[in-house]
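Written below as structure tokens is the structure these notes are about.
2 protein chains.
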Amino acid sequence: MQQIFPKRGFDKSEFIDRVGKAQKVLSSRKLDAILLSSEADIRYFTGFMTQFWQSPTRPWYIIIKPEGAPVAVIPSIGVQLMKNCYIDDIHSWSSPAEHDDGIGLLLQVLQTICGSNTKHLGLLMGRETNFRAPLSDIIKLTTENSQIKCFDVTGEIQKIRMIKSPLEIEKLRFICKLVSEVFEDLPNWISEGLPLSDLFRTFKIKALTLGVDDTPYLVGAAGAGGYFDIIAPPNDQPLRNGDIFMLDTGCVWDGYFSDFDRNFALGHASEKAQIAHQTLISATNEAVKSIKPGITTCRDLFHTMNHILYPDIDQSNLKSDDVGRFGHGVGIQLTEPPSHTSWDTTILQPGMTITLEPSIIYGEKDFLMVAEENILVSETGFEYLTKPCSKDLKIIK
Amino acid sequence: MQQIFPKRGFDKSEFIDRVGKAQKVLSSRKLDAILLSSEADIRYFTGFMTQFWQSPTRPWYIIIKPEGAPVAVIPSIGVQLMKNCYIDDIHSWSSPAEHDDGIGLLLQVLQTICGSNTKHLGLLMGRETNFRAPLSDIIKLTTENSQIKCFDVTGEIQKIRMIKSPLEIEKLRFICKLVSEVFEDLPNWISEGLPLSDLFRTFKIKALTLGVDDTPYLVGAAGAGGYFDIIAPPNDQPLRNGDIFMLDTGCVWDGYFSDFDRNFALGHASEKAQIAHQTLISATNEAVKSIKPGITTCRDLFHTMNHILYPDIDQSNLKSDDVGRFGHGVGIQLTEPPSHTSWDTTILQPGMTITLEPSIIYGEKDFLMVAEENILVSETGFEYLTKPCSKDLKIIK
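Those protein sequence lines, which keep their order, are chains E and D.
Using our numbering, read the first sequence as starting at 1 and increasing by one per residue.
Using our numbering, read the second sequence as starting at 398 and increasing by one per residue.
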């Protein structure tokens with residue numbers, strides 16, 4: 001099928017808008033600058049996109065100032081690519097360096113931007129973040145430097161990134177559509193005896209052929225009657241009649257992730273497995289239908305799903321499950337805030353793209369089953385980005 | 398061509414050996430434990446392999462004790478998979494958690510392992526490392542906790558990982574062989590008018606078809622007469638007669654990376670481009686031939702290559718170039734220590750797998766060209782893991 005591809009990249013106005021939102025945080029928190037170090041944050045605010053992040057060798061820094069485009073303090077290998085991004089000044093050093101791999105230059109540039117007084121610096125320090133730099137440099141920056149005071153802006157930056165722009169949504173809609181088609185086609189080429197590793201390999205080839213840029217995430221499992229593990233790489237076991245198997249994949253187009261799975265049975269499935277699948281889809285459907293933008297919280301979604309998954313459990317005395325949540329945000333990263341848990345009170349807003357990912361334990365062997373969909377919270381309710389899974393477990397004959 | 402695949406995974410003895418080496422560091426540095434947090438280190442010492450690291454949400458911790466297998470402090474979603482690894486105890490929590498996402502449990506477990514006195518904890522804090530946890534938790538662990546004293550073991554751990562075991566080498570040899578074949582086949586299917594993005598997509602499909610598990614890294618560029626950027630994602634520009642283009646790829650088999658590139662010209666190439674390519678390959682060949690295991694250093698390799706690349710420059714007054722080095726280690730990560738720079742005095746030892754990656758500026762427009770090979774340092778000298786590139790730039794007619 002010929003795909004109609006959206007336009008790649010973003011116009012400058014998109015980054016002006018994103019950085020502008022961060023600058024409002026900067027102003028309201030009375031900060032001198034916000035310092036970013038992770039692939040996702042640097043890409044989000046500047047458009048800098050490269051797989052070079054696979055190399056852990058070099059640190060990269062971006063500084064958001066009170067006004068204008070961000071400033072880059074980066075290894076010289078990245079200057080050429082950074083020039084095409086939403087960036088004001090680029091300061092670079094030849095990295096890797098023996099003694100000072102950028103931290104000295106970063107401190108100098110901060111001095112120039114923020115002045116010689118105590119600098120009030122916003123950093124991402126909280127849940128689901130990581131400051132991507134050697135620990136010795138982090139300590140130099142945060143605790144050994146008396147001229148720098150660090151403030152956590154995790155909540156504010158995550159809140160900005162949670163609401164996707166129309167162009168971001170277009171990319172997410174597209175990647176979810178592509179991967180839905182790959183899953184729809186799967187029963188046409190799968191057969192008994194195919195090793196799980198070959199199934200994964202073929203899945204990736206089909207996804208690339210259809211237009212996916214990459215499949216950075218493809219995990220799953222297969223087993224007679226069910227599976228236990230949901231984050232494992234494939235083994236070389238051939239698929240057998242009676243196996244239930246699941247592929248959970250994060251595919252990327254133009255830097256935006258889909259994140260959903262599909263369950264299949266080969267030949268036949270037990271009644272318990274079929275009921276488990278129906279229960280999962282019911283939980284998802286009820287959660288999706290319940291979405292009232294501006295009112296419903298992630299906690300509400302969690303309870304709606306949990307009530308269907310575990311109707312007999314006292315809802316006021318919930319135990320946490322192994323997966324830890326029933327879904328999350330999705331975008332530049334495979335998993336982003338918020339989380340559908342009993343404690344996340346984030347209110348669902350138009351422009352949020354989320355997964356719904358209920359999981360259930362079933363059968364005498366305590367098999368695990370997970371079903372996942374990707375949803376856009378719209379002005380009026382919701383839109384499935386994925387082609388929704390049918391309630392009945394797909395049995396491939 | 399039917400490939401003969403090596404066996405996947407490692408026996409337990411491999412991990413006993415690896416952890417044993419870390420325990421010698423622990424003993425000689427008088428440490429109570431070593432704490433690891435990154436994907437590569439956790440995989441290296443326990444065998445825990447999953448693409449679930451794509452999700453930045455949850456922190457993972459592994460503790461190496463003075464004796465026995467390591468202890469895991471991990472999100473419960475990973476327990477099932479961790480059970481199959483070289484691990485003693487597994488402590489888990491349901492993650493993500495609202496207030497304490499594992500750091501409290503980690504401190505408890507450290508208390509149990511190391512006792513209630515001041516704990517001397519080894520961490521990777523130096524160049525090319527990153528402690529993968531929220532900054533607020535890192536601060537709780539390293540600077541706010543008076544009972545924990547942190548010591549940097551970067552050098553020691555990197556030194557252990559630099560020397561590959563026979564089984565690691567087998568995997569690296571295999572992935573380099575596969576990717577060499579993909580590159581060899583490229584002139585058979587490439588043609589004028591093919592957009593660079595389609596070239597990349599087809600390359601990945603060919604690599605998967607031949608047996609590669611994944612292509613996490615594929616960057617490159619094309620341009621009339623040459624290219625400037627070596628870390629960019631592909632654009633949709635069609636290849637034109639007279640273009641010089643380069644693909645640099647890190648492909649993976651069973652968790653081990655190849656990392657090399659190939660340059661091509663479409664139709665024709667300038668004399669300067671051809672000389673640039675010949676110079677790069679000469680530099681590589683001379684460097685490879687110069688390797689005396691136990692004697693030659695990375696710095697020596699740098700100077701050997703630099704002398705050929707820039708014969709007119711005063712070798713005592715070298716300026717750093719934009720790439721920052723002429724090659725590096727390769728293994729579990731796309732780039733690992735050591736680095737072929739003017740300052741890295743690491744002695745090349747049998748079992749090291751390295752890239753040689755000289756780069757050169759040529760022509761009136763200051764085009765950049767990079768050529769890369771993967772080499773095993775053997776007992777007597779070297780072995781090309783890649784099928785070495787011919788000296789002449791490949792011109793595709």
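Backbone N, C-alpha and C fix where the C-beta goes; we use that ideal spot for every residue, glycine too.
Quantities reported herein were computed from a predicted structural model and do not represent experimental measurements.
Thinking C-alpha only, which one of E:MET162, E:GLU128, E:THR202, E:TYR310 is nearest LEU348 of chain E? In the first sequence, residue 348 of chain E corresponds to position 348, counting from 1. The shortest Cα separation from LEU348 of chain E among E:MET162, E:GLU128, E:THR202, E:TYR310 belongs to E:MET162.
Starting from the beta carbon of MET125 of chain E, find every residue of chain D whose beta carbon is closer than 9 Å, and list them in chain order. Here the question's residue 125 of chain E lines up with position 125 in the first sequence. Correct list: PRO531, LEU532, SER533, ASP534, ILE535, ILE536.
Taking ILE460 of chain D and LEU507 of chain D to be in contact with their CB atoms under 8 Å, please state how far apart those CB atoms are, rounded to whole angstroms. Against the second sequence, residue 460 of chain D aligns to sequence position 63. Against the second sequence, residue 507 of chain D aligns to sequence position 110. Correct: roughly 7 Å between the Cβ atoms.
With ILE64 of chain E as the anchor, note down where its beta strand (DSSP E) starts and where it stops. Translated into the one-based positions of the first sequence, residue 64 of chain E becomes position 64. Looking at the DSSP string, the run of the beta strand (DSSP E) that includes ILE64 of chain E is 61-64.
Since ILE157 of chain E contacts ASP41 of chain E with CB under 8 Å, what's their CB separation in whole angstroms? As a position in the first sequence, residue 157 of chain E is number 157, starting the count at 1. As a position in the first sequence, residue 41 of chain E is number 41, starting the count at 1. By a beta-carbon distance limit of 8 Å, ILE157 of chain E contacts ASP41 of chain E. Their separation comes to about 7 Å.
Unbroken beta strand (DSSP E) run spanning TYR44 of chain E, endpoints: As a first step, residue 44 of chain E must be located in the first sequence, where it is residue number 44. No beta strand (DSSP E) holds TYR44 of chain E; the alpha helix (DSSP H) holding it covers 39-46.
According to DSSP, is SER717 of chain D part of a helix, a strand, or is it coil? In the second sequence, residue 717 of chain D corresponds to position 320, counting from 1. Residue confidence for SER717 of chain D is low, a pLDDT of 48 falling below 50, so the modelled location carries little weight; the figure read from the coordinates is stated next. Correct three-state label for SER717 of chain D: coil.
Residue-level contact to chain D via CB, LYS204 of chain E, 9 Å cutoff: Locating residue 204 of chain E in the first sequence gives position 204, where the first residue counts as 1. Interface residue, yes.
Other residues of its chain near ASP17 of chain E: CB distance less than 8 Å, five sequence neighbours each side excluded: Here residue 17 of chain E refers to the residue found at position 17 of the first sequence. SER165.
Examine chain E for any beta-carbon lying closer than 9 Å to the beta-carbon of THR509 of chain D, and answer yes or no. On the second sequence, residue 509 of chain D is found 112 positions in, with the first residue counted as 1. For THR509 of chain D, not one C-beta of chain E is nearer than 9 Å to its own C-beta.
Using a Cβ cut-off of 9 Å, pull out every chain E residue sitting near ALA419 of chain D, in sequence order please. Locating residue 419 of chain D in the second sequence gives position 22, counting from the first residue. Ordered by position in chain E, no residue passes the 9 Å Cβ test against ALA419 of chain D, which lies about 18 Å from the chain.
Can you tell me which of the three DSSP states ASP534 of chain D falls into? Here residue 534 of chain D is taken as the residue at index 137 of the second sequence, counted from 1. ASP534 of chain D: helix per DSSP, three-state reduction.
Nearest candidate by alpha-carbon position, reference ASN306 of chain E, set E:ILE295, E:LYS292, E:GLY327, E:GLN23: One-based indexing of the first sequence puts residue 306 of chain E at position 306. Comparing C-alpha distances from ASN306 of chain E to each of E:ILE295, E:LYS292, E:GLY327, E:GLN23 shows the shortest one belongs to E:GLY327.
By the 7 Å beta-carbon criterion, what residues does the stretch 763-781 of chain D contribute toward chain E? Cβ proximity to chain E below 7 Å picks out nothing from the stretch 763-781 of chain D.
CB of GLY623 of chain D within 9 Å of CB of TYR759 of chain D, strictly: In the second sequence, counting from the first residue as 1, residue 623 of chain D sits at position 226. In the second sequence, counting from the first residue as 1, residue 759 of chain D sits at position 362. Against a cut-off of 9 Å, the Cβ pair of TYR759 of chain D and GLY623 of chain D comes out as a contact.
For the beta strand (DSSP E) containing PRO75 of chain E, name the first residue and the last one. The residue given as residue 75 of chain E occupies position 75 in the first sequence. Start and end: 71-75.
Please list the terminal residues of the continuous alpha helix (DSSP H) segment that includes PHE15 of chain E. In the first sequence, residue 15 of chain E corresponds to position 15, counting from 1. Per DSSP, PHE15 of chain E is one residue of the alpha helix (DSSP H) stretching across 12-28.
For a cutoff of 9 Å on Cβ pairs, would you count LEU753 of chain D as touching chain E? Position 356 of the second sequence, counting from 1, holds the residue named residue 753 of chain D. Contact with chain E is absent for LEU753 of chain D, since none of that chain's Cβ atoms lies less than 9 Å from the residue's Cβ.
Excluding the 5 residues flanking GLU565 of chain D on each side, which residues of the same chain have their C-beta closer than 7 Å to its C-beta? Counting from 1 along the second sequence, the entry for residue 565 of chain D is found at position 168. If we look at GLU565 of chain D and ignore the five residues flanking it on each side, its Cβ neighbours are TYR653, GLY728.
Nearest to LYS404 of chain D by CA position, among E:ALA69, E:ILE103, E:ASP236, is which residue? For the purposes of this step, residue 404 of chain D is taken as the residue at position 7 of the second sequence. When each option's Cα is compared against that of LYS404 of chain D, the closest is E:ASP236.
Same chain, Cβ closer than 6 Å to GLY778 of chain D, neighbours up to 5 away in sequence not counted: Position 381 of the second sequence, counting from 1, holds the residue named residue 778 of chain D. Residues of the same chain with a CB within less than 6 Å of the CB of GLY778 of chain D, apart from the 5 flanking positions on each side, are ILE688 in chain order.
By DSSP, does GLU780 of chain D sit in helix, in strand, or in coil? Position 383 of the second sequence, counted from the start, is the residue given in the question as residue 780 of chain D. Under the three-state reduction of DSSP output, GLU780 of chain D falls in the strand class.
Where VAL550 of chain D falls: helix, strand or coil (DSSP): What you label residue 550 of chain D is simply residue 153 of the second sequence in a count that begins at 1. Secondary structure at VAL550 of chain D: coil, using DSSP grouped into helix, strand and coil.
Of all the residues that make up the stretch 718-733 of chain D, which are near chain E by a beta-carbon distance shorter than 9 Å? The residues in question are ASP718, ASP719, VAL720, GLY721, ARG722, HIS725, GLN730, LEU731, THR732, GLU733.
Considering only the alpha carbon of each residue, which of D:ILE487, D:GLU436, D:VAL685 lies closest to ASN527 of chain D? Within the second sequence, numbered from 1, the residue matching residue 527 of chain D stands at position 130. Each of D:ILE487, D:GLU436, D:VAL685 was checked against the Cα of ASN527 of chain D, and the nearest Cα belongs to D:GLU436.
Whole angstroms are fine: how far does the CA of PRO463 of chain D sit from the CA of SER424 of chain D? Working through the second sequence from its first residue, we reach residue 424 of chain D at position 27. Working through the second sequence from its first residue, we reach residue 463 of chain D at position 66. Their Cα atoms are separated by approximately 7 Å.
Bridge partner(s) assigned by DSSP for TRP93 of chain E: Position 93 of the first sequence, counted from the start, is the residue given in the question as residue 93 of chain E. DSSP lists E:PRO75 as the bridge partner or partners of TRP93 of chain E.
On a CA-only basis, which of D:SER491, D:LYS669, D:HIS674, D:VAL470 is nearest GLU769 of chain D? Give me that one, please. Translated into positions along the second sequence, residue 769 of chain D becomes position 372. Ranking D:SER491, D:LYS669, D:HIS674, D:VAL470 by Cα distance to GLU769 of chain D puts D:HIS674 first.
Closest to ALA618 of chain D by C-alpha separation, out of D:PRO635, D:PHE642, D:LEU636, would be which residue? Reading the second sequence from its first residue, position 221 is the one you call residue 618 of chain D. Cα-wise, what sits closest to ALA618 of chain D is D:PHE642.
Kindly indicate which three-state DSSP category MET352 of chain E falls into: helix, strand or coil? Position 352 of the first sequence, counting from 1, holds the residue named residue 352 of chain E. In the displayed model, MET352 of chain E falls within a strand according to three-state DSSP.
List the residues of chain D that PRO66 of chain E touches, going by C-beta distances under 8 Å, in chain order. The count along the first sequence starts at 1 and reaches residue 66 of chain E at position 66. Those within 8 Å of PRO66 of chain E in chain D number zero; the least Cβ separation is about 23 Å.
Apart from the five residues just before and just after LEU615 of chain D, which ones in its own chain have a Cβ nearer than 7 Å to its Cβ? Residue mapping note: residue 615 of chain D aligns to position 218 of the second sequence, counting from 1. Closer than 7 Å at Cβ, skipping near neighbours: PHE597, PHE600, LYS601, LEU644, THR646.
What's the call for ILE295 of chain E, buried or exposed, on a 16-neighbour Cβ count within 10 Å? Taking the first sequence and counting its residues from 1, one reaches residue 295 of chain E at position 295. Exposed: under 16 other Cβ atoms inside 10 Å.
Taking THR443 of chain D as the reference, which of D:LEU478, D:ARG426, D:PRO472 has the closest Cα? Within the second sequence, residue 443 of chain D is the residue found at index 46, counting from 1. Comparing Cα-Cα distances from THR443 of chain D to each of D:LEU478, D:ARG426, D:PRO472, the minimum goes to D:LEU478.
Roughly how many angstroms lie between the CA atoms of ALA133 of chain E and ARG58 of chain E, to the nearest whole one? Here residue 133 of chain E is taken as the residue at index 133 of the first sequence, counted from 1. Here residue 58 of chain E is taken as the residue at index 58 of the first sequence, counted from 1. The straight-line gap from Cα to Cα measures roughly 8 Å.
Would you mind working out which of E:PHE15, E:PRO216, E:LEU376 sits nearest TRP253 of chain E, comparing C-alpha positions? Here residue 253 of chain E refers to the residue found at position 253 of the first sequence. The residue with the shortest Cα to Cα distance from TRP253 of chain E is E:PRO216.
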